[in-house]
Amino acid sequence: MKVTIFGIGYVGLVQAAVLADVGHHVMCVDVDQDKVDNLKKGIIPIHEPGLTPLVVDNHQAGRLEFTTDAALGVHHGEIQMIAVGTPPDEDGSADLQYVLAVAQTIASHMNSNKIIIDKSTVPVGTADKVAARVNEVLHTRGETYEVHVVSNPEFLKEGCAVSDCKRPDRIVVGTDHDETADTLRELYAPFNRNHDRFIKMDVRSAELTKYAANCMLATKISFMNEMANLADRLGADIEAVRQGIGSDSRIGYQFIYPGCGYGGSCFPKDVQALIRTADGIDYDASLLKSVEAVNDRQKHKLFEMISNHFDGKLKGKTIALWGLSFKPNTDDMRQAPSRTLMEALWQAGATVQAFDPEAMSECQRIYGVRDDLALMGTQIQALKGADALVIVTDWQHFKAPDFATVKQCLREPLLFDGRNLFEPERMKKQGFIYYSIGRPQ
Numbered sequence: 492m493k494v495t496i497f498g499i500g501y502v503g504l505v506q507a508a509v510l511a512d513v514g515h516h517v518m519c520v521d522v523d524q525d526k527v528d529n530l531k532k533g534i535i536p537i538h539e540p541g542l543t544p545l546v547v548d549n550h551q552a553g554r555l556e557f558t559t560d561a562a563l564g565v566h567h568g569e570i571q572m573i574a575v576g577t578p579p580d581e582d583g584s585a586d587l588q589y590v591l592a593v594a595q596t597i598a599s600h601m602n603s604n605k606i607i608i609d610k611s612t613v614p615v616g617t618a619d620k621v622a623a624r625v626n627e628v629l630h631t632r633g634e635t636y637e638v639h640v641v642s643n644p645e646f647l648k649e650g651c652a653v654s655d656c657k658r659p660d661r662i663v664v665g666t667d668h669d670e671t672a673d674t675l676r677e678l679y680a681p682f683n684r685n686h687d688r689f690i691k692m693d694v695r696s697a698e699l700t701k702y703a704a705n706c707m708l709a710t711k712i713s714f715m716n717e718m719a720n721l722a723d724r725l726g727a728d729i730e731a732v733r734q735g736i737g738s739d740s741r742i743g744y745q746f747i748y749p750g751c752g753y754g755g756s757c758f759p760k761d762v763q764a765l766i767r768t769a770d771g772i773d774y775d776a777s778l779l780k781s782v783e784a785v786n787d788r789q790k791h792k793l794f795e796m797i798s799n800h801f802d803g804k805l806k807g808k809t810i811a812l813w814g815l816s817f818k819p820n821t822d823d824m825r826q827a828p829s830r831t832l833m834e835a836l837w838q839a840g841a842t843v844q845a846f847d848p849e850a851m852s853e854c855q856r857i858y859g860v861r862d863d864l865a866l867m868g869t870q871i872q873a874l875k876g877a878d879a880l881v882i883v884t885d886w887q888h889f890k891a892p893d894f895a896t897v898k899q900c901l902r903e904p905l906l907f908d909g910r911n912l913f914e915p916e917r918m919k920k921q922g923f924i925y926y927s928i929g930r931p932q
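What the sequence shown shows, in the numbering used here, is residues 492 to 932, in sequence order.
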């Protein structure tokens, strides 16, 4: 099948590569000429395991194309997929200007019937707005092509996006048009073989499903961080509590790991956007507001622990950071807890020596060159001469360090563990002053 995808970010590029890999002919359209040129050379703009060979192989095979020519893209595919960004507005609501701009572009160039898929995460009612924009342009052109706008949200996890796309838990399709649903069932047939993952529903329910999924996961994280803070004050061990509740099949172990808060491009934005949607219909989404408030507070937890240890005297201190990305296996630092921590440390007069396996360039892009930030070549180099080590991201590289070397490099054996990677008793025996989340010292 011929598919056109507008937007070559995390969602658009991964979806395009995976669709091309099963034999579809996919054309990606983006306004960024440099990005398009680099992709043609095999230079991938994001770090995502398994993505680079997928893009390179399918581009070389002619199944995956990249262009800035929107008209060419519109003429290419019966299926037009919108996967552009929906950044938060000043009030936290999703900004639809790029989605609607693509809708207008499609309507301006189309010369046959089209299926338009909203792949971007968009508020309930967006498909109606896309359809209205398309029909308005077609009316102005004096054309009467048939257009069906479908909500087909993505459920990809950064760091696992390729495997999630190849082996989806579910394929949600929001449409009231049976023939359109059949076309999408054919599109996704290669990923729907073992058992039927295809879930057809109305458009608005599909749009809400995406937000509901992310907000549920964010709620689990904030709930566990709330419990960790209670455990801290009650003298309980949150890791024991986690095992105790996770063994309940109704709860499970996923997304109940306490830590220093969630980040990234999805959870913070989607929780905020759904709160604004609720405000717009005069409903007080009190639970979602609490989820957001708990997470905002949790992102400051590590700094509070560090500041308390040093009695607020951080000026002139050097803090080693392991982990900059908001989660492992990505270079994404959007809303990352590391940013909250570093900015607080700088405000207090401390210097940061940081290492991350993938996010160093992204950190440099965000903060530039500054005297109080040193990006180090290895995790050991980040330790040298530092007054403390802080673990912010639970990369595999950090889970079994040589503690003797860590102690030797630090000025004192002081470790703040924002991801509860180690056992407190073991750390004491190793001679460390060890702080973690929701566990007795």
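Positions of the beta carbon are idealized from the N, C-alpha and C atoms, including for glycine.
From a predicted model like this one, the values you see are computed outputs, not experimental measurements.
{"query": "Host beta strand (DSSP E) of His639 (start-end)", "result": "Val638 to Ser642"}
{"query": "Simplified DSSP state of His516, which is helix, strand or coil", "result": "strand"}
{"query": "Unbroken beta strand (DSSP E) run spanning Tyr925, endpoints", "result": "Ile924 to Tyr926"}
{"query": "Same chain, Cβ closer than 8 Å to Asp548, five either side skipped, listed in chain order", "result": "Asp512"}
{"query": "Whole-number beta carbon distance between Ile573 and Lys610, since they are thought to touch under 8 Å", "result": "6 Å"}
{"query": "Short Cβ contact (8 Å threshold) for Gly750 with Ile928", "result": "yes"}
{"query": "Exposed unless 16 or more other CB atoms sit within 10 angstroms - verdict on His567", "result": "buried"}
{"query": "Buried or exposed (CB count within 10 angstroms, at least 16 for buried), Asn705", "result": "buried"}
{"query": "Rounded straight-line distance, which links the Cα of Asp823 to that of Val522", "result": "21 Å"}
{"query": "Coil, strand or helix - Thr831 by DSSP", "result": "helix"}
{"query": "Reduced DSSP category for Met918 - H, G, I as helix; E, B as strand; rest coil", "result": "helix"}
{"query": "Which listed residue (Ala727, Asp878, Pro904 and Leu765) has its alpha carbon closest to that of Phe923", "result": "Pro904"}
{"query": "Buried versus exposed call for Glu645 [16 or more other C-beta atoms within 10 Å across all chains shown]", "result": "buried"}
{"query": "contact_flag[the stretch 838-845, the stretch 799-813] where n(CB pairs < 8 Å) is 3 or more", "result": "yes"}
{"query": "Simplified DSSP assignment, three categories, for Met715", "result": "helix"}
{"query": "Stretch pair the stretch 691-703 + the stretch 716-731: three plus CB contacts closer than 8 Å", "result": "no"}
{"query": "Distance, Ile608 Cα to Leu675 Cα", "result": "10 Å"}
{"query": "Span separating the alpha-carbon of Val663 from that of Phe794", "result": "41 Å"}
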